[in-house]
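Just below is one structure, and these are the notes that go with it.
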Amino acid sequence: MASATVRGGAVAGALALSLLAAPAQASPHTAGTPTVLASAAALPQPDLTGLRGTLRTALGQGAPGAMARIEDRGTVDRVTVGVADLRTRRALDNADRFRIGSITKTMSAVVLLQLVDERKLKLDTSVNHYLPGLLPDDRITVRHVLGHRSGLYDYTNDMFASSVSGFEAVRTKVFTYRQLVNRSLRHARTGPPGAAYSYSNTNFVVAGLLIEKLTGHSVATEYTNRVIKPLQLKDTFYVHPNTKIPGRHTNGYLTPDRSGAALVDATEQTVSWAQSAGAVISSTRDLDTFLSALLGGRLTSATQLAQMRRWLPAGTNQAYGLGLRRRDLSCGVSVYGHTGAVQGYYSYAFTSKDGRRSLAAVANTSNNGPVHNTMLRTLESAFCGKPTAARSGARSGAGSGTGTGTGPAERPEDVVAGTSGD
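For the sequence shown, the residue numbers in our numbering are 1148 to 1569.
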């Protein structure tokens, strides 16, 4: 088992030639927003000792490996523990690629908001206006879908009621978007359009349909042309329906529902059951670049970034905008990004309000609530620095959870306190 910490200078990128807009200046609507430090320059130094301790705790809870990368105005810190492959015992490395799960949702939202900037889409227009007859209620708008307020049932609830057998049943299958939507529509809706936040992968399957209808291109093409190439992301791919992760990567291990059973290598899969809700592959470096560019205002107009940051309550110390999550930390800082859970991987990508300090982290396991919640503490080490007596209680309880698994449904979403949803 390997453990490493590396600190060094980041390579300067020539992003300005291909990025879209100047940094955002608009102030977003912030329901329940705490007082935050406005700039990465005001943040304390990252607590690398605490970060390493958090990753080691995840290993003790069942993750074969875990790693994190912090980038802050040209300085990069990398911490790794454990292995990328249980068979060969190769050490995990921040150069490894992995499946990012629901962080894909943020990328899908970016593409749609760019289409809003291009006047090809309106957030408050019915989805059925663009995709006639798709949904059973004309009142469901694009905004409802991107903010998880459509009321559409999450089809992965029953697809993965049993984590391993459910996964093996779809590991190599290829679905159409409409097949996935139809799985949702077999169930009653969870609420009326515009009601309370209710996380559902169905929403971002609809987002994928919108992208392809409005552009005439695949989501792979739109991710590439609008995000991957402009940001020069070298490790980010959408390979669906291929099953392999190209190049150097970490294997992902699914924790069985039965305690004590062997981990299942879930690395190779189509992820067709998720697609635009969770099938992108990336690296910690590319995720830091992506989130920094987004919150720095370089992927959308200031107006659309403000739309992404119109928050509604979405659980304890967090809120959800449009494909973007805000987490409120114990030191009074808020960070912005997304987490992801896809079989074999828990991933985390968050950045400061100005996009100047970013954290990306991953543990190569899933269906393990304690590991997921432990890994959330990487945010505290990255953005709050060393714990103080005044907030030690809040920090020690951050991301706590009980149980040996996530419960039903191993799916690309945020997992909170050992459950399969938030």
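Glycine is no exception: its CB is placed at the ideal position from the N, C-alpha and C atoms.
Item, Value
"Pull the bridge partners of residue 1465 from the DSSP assignment, please.", "1474"
"Kindly provide the ranges of any alpha helix (DSSP H) runs that are 4 or more residues long and lie completely inside the region 1233-1301, ordered along the chain.", "1250-1264, 1274-1277, 1289-1293"
"To the nearest angstrom, report how far apart residue 1243 and residue 1397 are at their CA atoms.", "6 angstroms"
"Considering only C-alpha positions, which residue in the set 1415, 1456, 1484 is nearest to residue 1386?", "1415"
"Please state whether the Cβ-Cβ distance between residue 1270 and residue 1469 is less than 9 angstroms.", "yes"
"So, helix, strand or coil for residue 1315, using DSSP?", "helix"
"What whole-angstrom Cβ distance do residue 1491 and residue 1512 have, given they're in contact under 8 angstroms?", "7 angstroms"
"Pop quiz: residue 1519 and residue 1249 are said to be a contact at Cβ under 8 angstroms. What is the actual Cβ separation, rounded to whole angstroms?", "About 12 angstroms separates the two Cβ atoms, so there is no contact after all."
"With C-beta atoms as the reference, is residue 1226 less than 9 angstroms away from residue 1199?", "yes"
"Would you kindly work out how many angstroms separate the C-alpha atoms of residue 1430 and residue 1241, rounded to a whole number?", "7 angstroms"
"Using beta-carbon positions only, say whether residue 1392 and residue 1246 come within less than 9 angstroms of one another.", "yes"
"Taking residue 1357 as the reference, which of 1257, 1321, 1477 has the closest Cα?", "1257"
"Using 8 angstroms as the cut-off, can you tell me whether the region 1302-1310 makes contact with the region 1322-1339, which would need three or more C-beta pairs spanning the two stretches below that distance?", "yes"
"Quick check: the Cα distance between residue 1503 and residue 1220, rounded to an integer number of angstroms?", "6 angstroms"
"For residue 1293, which residues from the same chain have a beta carbon less than 6 angstroms from its beta carbon, with the 5 sequence-adjacent residues on both sides left out?", "1256, 1469, 1470"
"Measuring alpha carbon to alpha carbon, tell me which of 1438, 1235, 1371, 1189 ends up nearest residue 1216.", "1438"
"I'd like to check one pair, residue 1343 with residue 1459: are the Cβ atoms closer than 9 angstroms?", "yes"
"Considering only the alpha carbon of each residue, which of 1193, 1189, 1196, 1205 lies closest to residue 1510?", "1205"
"Determine the DSSP secondary structure at residue 1535, reduced to helix, strand or coil.", "coil"
"Near residue 1193, what residues of its chain come up, given a Cβ to Cβ distance below 7 angstroms and the 5 sequence neighbours on each side ignored?", "1217, 1224, 1528, 1529, 1532"
"Counting only the same chain and skipping the five closest in sequence on each side, list residues whose C-beta sits under 8 angstroms from that of residue 1366.", "1255, 1258, 1355, 1358, 1359, 1385, 1422, 1423"
"Is the Cβ-Cβ distance between residue 1420 and residue 1351 less than 9 angstroms?", "no"
"On the criterion of 16 or more Cβ atoms from any shown chain inside 10 Å, does residue 1373 qualify as buried, or is it exposed?", "buried"
"Looking at residue 1408: is its Cβ nearer than 9 angstroms to the Cβ of residue 1399?", "no"
"Could you tell me if residue 1295 is buried or exposed, where buried requires 16 or more neighbouring beta carbons within 10 angstroms of its beta carbon?", "buried"
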